[in-house]
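Undergrad:
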Amino acid sequence: MPRAAIQYGRMLTRLTCHPVYILKGGYERFSGMYHFLRTQKIIWMPQELDAFQPYPIEIVPGKVFLGNFSQACDPKIQKDLKIKAHINVSMETGPFFAGEADRLLHIQIEDSPEAQILPFLRHLCHFTGSHIQLGSVILIFSTRGISRSCAAAIAYLMHSNEQTLQRSWAYVKKCKNNMCPNWGLVTQLLEWEKIILGGFITNITDLLY
-15 MPRAAIQYGR
-5 MLTRLTCHPV
5 YILKGGYERF
15 SGMYHFLRTQ
25 KIIWMPQELD
35 AFQPYPIEIV
45 PGKVFLGNFS
55 QACDPKIQKD
65 LKIKAHINVS
75 METGPFFAGE
85 ADRLLHIQIE
95 DSPEAQILPF
105 LRHLCHFTGS
115 HIQLGSVILI
125 FSTRGISRSC
135 AAAIAYLMHS
145 NEQTLQRSWA
155 YVKKCKNNMC
165 PNWGLVTQLL
175 EWEKIILGGF
185 ITNITDLLY
């Protein structure tokens, strides 16, 4: 017999046009990992929903998060996710880790096709990998969290997993479906693929926005 969660999931699929997912490990595992997202509330007021601050997206479970500038400035989010380091891929200056070169990597580039992220990618990957080895949780962010920071996260996955742009792109897209790196960043990620894998493998016209 199917378990209760699966039975309810099947019922919900008949009532909604949206996908229904069953959490692996159930509520107990979810509570252990994301206790700060639990709530006893049954009814939410419209004002409360408007004020709700979404959390950054988990790219490497428990280690690397992807977000926007507003989330990077929120002390509660830093505390809840145990963020110990930032990669800021924007022109803005955040309030955390100022003057701490071992905890803040600030890549000051505009979100434009002319912006050059490629010269920073090797350092970015080393910075991220070092913090993961130390057990530090790291947040990668940009102004809106959909272009420059996504390109940075893709570059890290390509480097750490020695995998193609297309595969890393698909993974981040699955985590954050509104990601949209500008075309200049995409072409530089293709160059990064050549550096890592020794040649161009991905056809960037096949990348799904």
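Everything in the sequence shown is counted per the working numbering, starting at -15 for the first residue and increasing by one. Think of the CB as a built atom: it goes at the ideal place given N, C-alpha and C, for glycine as much as any other residue.
1. Using the C-alpha atoms, what's the distance from residue 128 back to residue 147?
2. Which one of 166, 106, 115, 130 has the shortest CA to CA distance from residue 139?
3. Within its chain, find whatever has a CB closer than 7 Å to the CB of residue 98; leave out the 5 residues flanking it on each side and keep chain order.
4. Is the CB-CB distance between residue 121 and residue 66 below 7 Å?
5. Answer yes if the region 83 to 102 comes into contact with the region 160 to 176, meaning at least three C-beta pairs across the two stretches below 8 Å, and no otherwise.
6. Taking the Cβ atom as the reference point for each residue, do residue 141 and residue 49 lie within a distance shorter than 7 Å?
7. For the beta strand (DSSP E) holding residue 126, just list the boundary residues, first then last.
8. Helix, strand or coil for residue 173 per DSSP?
9. Tell me which residue opens and which closes the beta strand (DSSP E) that residue 68 is part of.
10. If we ignore side chains and look at the alpha-carbon of each, how far apart do residue 155 and residue 133 end up?
11. Which residues share a DSSP beta bridge with residue 51?
12. CB residue 130 to CB residue 162, shorter than 7 Å?
13. Which two residues bound the contiguous beta strand (DSSP E) that contains residue 89?
14. Just the Cα atoms here: how many angstroms apart are residue 144 and residue 126?
15. Tell me which residue opens and which closes the alpha helix (DSSP H) that residue 32 is part of.
16. Distance, Cα to Cα, residue 185 vs residue -5?
17. Report the residue from -9, 18, 27 whose alpha carbon sits nearest the alpha carbon of residue 40.
18. For residue 32, I'd like the list of residues in its chain whose CB is within less than 6 Å of its CB, leaving aside the five on either flank, ordered along the chain.
19. In whole angstroms, what is the alpha-carbon distance linking residue 103 and residue 38?
20. For residue 51 and residue 80, what's the separation of their Cα atoms in angstroms?
TA: In this structure, then:
1. Counting from 1 along the sequence shown, the entry for residue 147 is found at position 163. Counting from 1 along the sequence shown, the entry for residue 128 is found at position 144. Straight-line Cα distance between these residues: approximately 26 Å.
2. As a first step, residue 139 must be located in the sequence shown, where it is residue number 155. Comparing Cα-Cα distances from residue 139 to each of 166, 106, 115, 130, the minimum goes to 106.
3. Within the sequence shown, the letter at position 114 stands for residue 98. Contacts found: 168.
4. Mapped onto the sequence shown, residue 121 falls at position 137. Mapped onto the sequence shown, residue 66 falls at position 82. In contact: residue 121 and residue 66 (Cβ atoms closer than 7 Å).
5. yes
6. Position 157 of the sequence shown, counted from the start, is the residue given in the question as residue 141. Position 65 of the sequence shown, counted from the start, is the residue given in the question as residue 49. Contact: no.
7. Residue 126 sits at position 142 when you count from the first residue of the sequence shown. Note, residue 126: beta strand (DSSP E), 121 to 126.
8. As a position in the sequence shown, residue 173 is number 189, starting the count at 1. Helix.
9. Counted from its first residue, the sequence shown places residue 68 at position 84. Run containing residue 68: 67 to 72, per the beta strand (DSSP E) assignment.
10. Indexing the sequence shown from 1 puts residue 155 at position 171. Indexing the sequence shown from 1 puts residue 133 at position 149. Each residue's Cα considered, the two are about 14 Å apart.
11. The residue labelled residue 51 in the question sits at position 67 within the sequence shown. Beta-bridge pairing links residue 51 to 125.
12. Mapped onto the sequence shown, residue 130 falls at position 146. Mapped onto the sequence shown, residue 162 falls at position 178. Against a cut-off of 7 Å, the Cβ pair of residue 162 and residue 130 comes out as a contact.
13. The residue labelled residue 89 in the question sits at position 105 within the sequence shown. First-last of the beta strand (DSSP E) with residue 89: 88 to 90.
14. Taking the first residue of the sequence shown as 1, we reach residue 144 at position 160. Taking the first residue of the sequence shown as 1, we reach residue 126 at position 142. If I take the Cα positions, the gap works out to 21 Å.
15. Numbered from 1 along the sequence shown, position 48 holds the residue referred to as residue 32. Looking at the DSSP string, the run of the alpha helix (DSSP H) that includes residue 32 is 30 to 35.
16. Taking the first residue of the sequence shown as 1, we reach residue 185 at position 201. Taking the first residue of the sequence shown as 1, we reach residue -5 at position 11. Going from the Cα of residue 185 to the Cα of residue -5 covers about 43 Å.
17. Against the sequence shown, residue 40 aligns to sequence position 56. Looking at the Cα atoms, 18 is the closest of the given residues.
18. One-based indexing of the sequence shown puts residue 32 at position 48. Cβ neighbours of residue 32 beyond the five flanking positions: none.
19. Here residue 103 is taken as the residue at index 119 of the sequence shown, counted from 1. Here residue 38 is taken as the residue at index 54 of the sequence shown, counted from 1. So the alpha carbons of these two residues sit roughly 32 Å apart.
20. Sequence index remark: in the sequence shown, residue 51 carries index 67 (1-based). Sequence index remark: in the sequence shown, residue 80 carries index 96 (1-based). Rounded to the nearest angstrom, the two C-alpha atoms are 15 Å apart.
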